[in-house]
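Going line by line, the protein sequences match chains A and B. Under the numbering used here, the first residue of the first sequence carries the number 3, and numbering increases by one thereafter. Under the numbering used here, the first residue of the second sequence carries the number 5, and numbering increases by one thereafter. Glycine is no exception: its CB is placed at the ideal position from the N, C-alpha and C atoms. Model, not experiment: these values are computed from the prediction. Below is one structure; the comments refer to it alone.
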Amino acid sequence: EPEVTQTPSHQVTQMGQEVILRCVPISNHLYFYWYRQILGQKVEFLVSFYNNEISEKSEIFDDQFSVERPDGSNFTLKIRSTKLEDSAMYFCASSDAGGGRSLAFFGQGTRLTVV
Amino acid sequence: SQQGEEDPQALSIQEGENATMNCSYKTSINNLQWYRQNSGRGLVHLILIRSNEREKHSGRLRVTLDTSKKSSSLLITASRAADTASYFCAWGPSGSARQLTFGSGTQLTVLP
Chain A
3 EPEVTQTPSH
13 QVTQMGQEVI
23 LRCVPISNHL
33 YFYWYRQILG
43 QKVEFLVSFY
53 NNEISEKSEI
63 FDDQFSVERP
73 DGSNFTLKIR
83 STKLEDSAMY
93 FCASSDAGGG
103 RSLAFFGQGT
113 RLTVV
Chain B
5 SQQGEEDPQA
15 LSIQEGENAT
25 MNCSYKTSIN
35 NLQWYRQNSG
45 RGLVHLILIR
55 SNEREKHSGR
65 LRVTLDTSKK
75 SSSLLITASR
85 AADTASYFCA
95 WGPSGSARQL
105 TFGSGTQLTV
115 LP
């Protein structure tokens, strides 16, 4: 079965540093997403991306966050100046249709720890 | 808020028993999906049920959807220790082509 891959699996960074989380979505998918899950809490939507632009974002996705699809295969999430509260699992997902009309495939996640 | 609730928050059963988890949501939806998450791992999709469907089966999984009550249930029959995980429902709100909203999840423990 095709899969979404995320790198790195773990990232430790100092507060105030920039981090880039990388994702390779499934190749024929058109919709891409980032979610995060703080330890022990629910999965929270961050941003969705379609047709090379952000289609929707949550209140969590403030000016410190940005996404990019630099080369037609990778999909990245950048956090410009990390804060302690950014520590979480970050999941990338992709689907071939939006709005839950098809299954979203999730990567294994990147565990970000900000110290 | 578009966030829904799942109940129970935690469920512990013996191997071989059936496990039922419920999900409620607050908006109109296109579809509802169930996902599984092993501790500290990624989300694995289990099943999608469309808003015009009432019941769907996949192996030992049975999902129901009641759009009038804005609720769904996931039944796992003949549970196994390997079914131990967190189970989340997620839905795509009508009128939004973009995102999934997740419920709060049920932690299922199946005791051997």
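- Query: The beta strand (DSSP E) with residue 11(B) in it runs from where to where?
  - Reply: Along the second sequence, read from residue 1 onward, the residue named residue 11(B) stands at position 7. It spans 9-11 - the beta strand (DSSP E) in which residue 11(B) sits, taken as one unbroken run.
- Item | residue 59(B) (DSSP reduced to helix, strand or coil) | For this step, residue 59(B) is matched to residue 55 along the second sequence. Strand, per DSSP.
- Check each candidate in 51(A), 87(A) and 95(A) and name the one with the smallest Cα separation from residue 7(A). Against the first sequence, residue 7(A) aligns to sequence position 5. When only C-alpha atoms are compared, the closest one is 95(A).
- Taking the C-alpha atoms as reference points, what is the distance between residue 20(A) and residue 39(A)? Along the first sequence, read from residue 1 onward, the residue named residue 20(A) stands at position 18. Along the first sequence, read from residue 1 onward, the residue named residue 39(A) stands at position 37. Approximately 19 Å, taken between the alpha carbons.
- Item | C-beta contact flag for residue 22(A) and residue 80(A) at 8 Å | Counting from one through the first sequence, the residue named residue 22(A) turns up at place 20. Counting from one through the first sequence, the residue named residue 80(A) turns up at place 78. Closer than 8 Å, so yes.
- Query: How would you write the range of the beta strand (DSSP E) that residue 33(B) sits in, first residue to last?
  - Reply: Here residue 33(B) corresponds to residue number 29 of the second sequence, with the count starting at 1. Element bounds for residue 33(B): 33-41.
- Message: On the DSSP letters alone, give me the boundaries of the beta strand (DSSP E) that residue 39(A) sits inside.
- Response: Indexing the first sequence from 1 puts residue 39(A) at position 37. Start and end: 33-39.
- Under 9 Å Cβ-Cβ, which residues of chain B neighbour residue 38(A)? In the first sequence, counting from the first residue as 1, residue 38(A) sits at position 36. Near residue 38(A) there are no residues of chain B at all, since even the closest Cβ is about 11 Å away, more than 9 Å.
- Just how far apart, CA to CA, sit residue 107(A) and residue 80(B)? Within the first sequence, numbered from 1, the residue matching residue 107(A) stands at position 105. Within the second sequence, numbered from 1, the residue matching residue 80(B) stands at position 76. Going from the Cα of residue 107(A) to the Cα of residue 80(B) covers about 21 Å.
- Query: Helix, strand or coil for residue 86(A) per DSSP?
  - Reply: For the purposes of this step, residue 86(A) is taken as the residue at position 84 of the first sequence. It is helical.
- Mark residue 5(B) as exposed unless 16 or more other C-beta atoms lie within 10 angstroms of its C-beta, in which case mark it buried. As a first step, residue 5(B) must be located in the second sequence, where it is residue number 1. The predicted position of residue 5(B) is uncertain, since its pLDDT is 35 and thus under 50; a value taken from the coordinates is nonetheless stated next. That one is exposed.
- Message: Taking beta-carbon pairs under 9 Å, can you tell me which members of the region 22-37 of chain A lie near chain B?
- Response: 33, 35 and 37
- Message: Give me the chain B residues within the contact set of residue 47(A), using Cβ-Cβ distance strictly less than 8 Å, ordered along the chain.
- Response: Residue mapping note: residue 47(A) aligns to position 45 of the first sequence, counting from 1. Under the 8 Å cutoff, chain B gives 103, 104, 105 and 106.
- Are the C-beta atoms of residue 58(A) and some chain B residue less than 8 Å apart? Counting from one through the first sequence, the residue named residue 58(A) turns up at place 56. Closer than 8 Å to some Cβ of chain B, the Cβ of residue 58(A) qualifies, so yes.
- Under a CB-based cut-off of 8 Å, is residue 105(A) close to chain B? Start at 1 with the first residue of the first sequence, and residue 105(A) comes out as number 103. By this cut-off, residue 105(A) is an interface position.
- Message: Could you check whether the Cβ of residue 93(A) sits closer than 8 Å to any Cβ belonging to chain B?
- Response: What you label residue 93(A) is simply residue 91 of the first sequence in a count that begins at 1. Cβ-Cβ to chain B under 8 Å: yes for residue 93(A).
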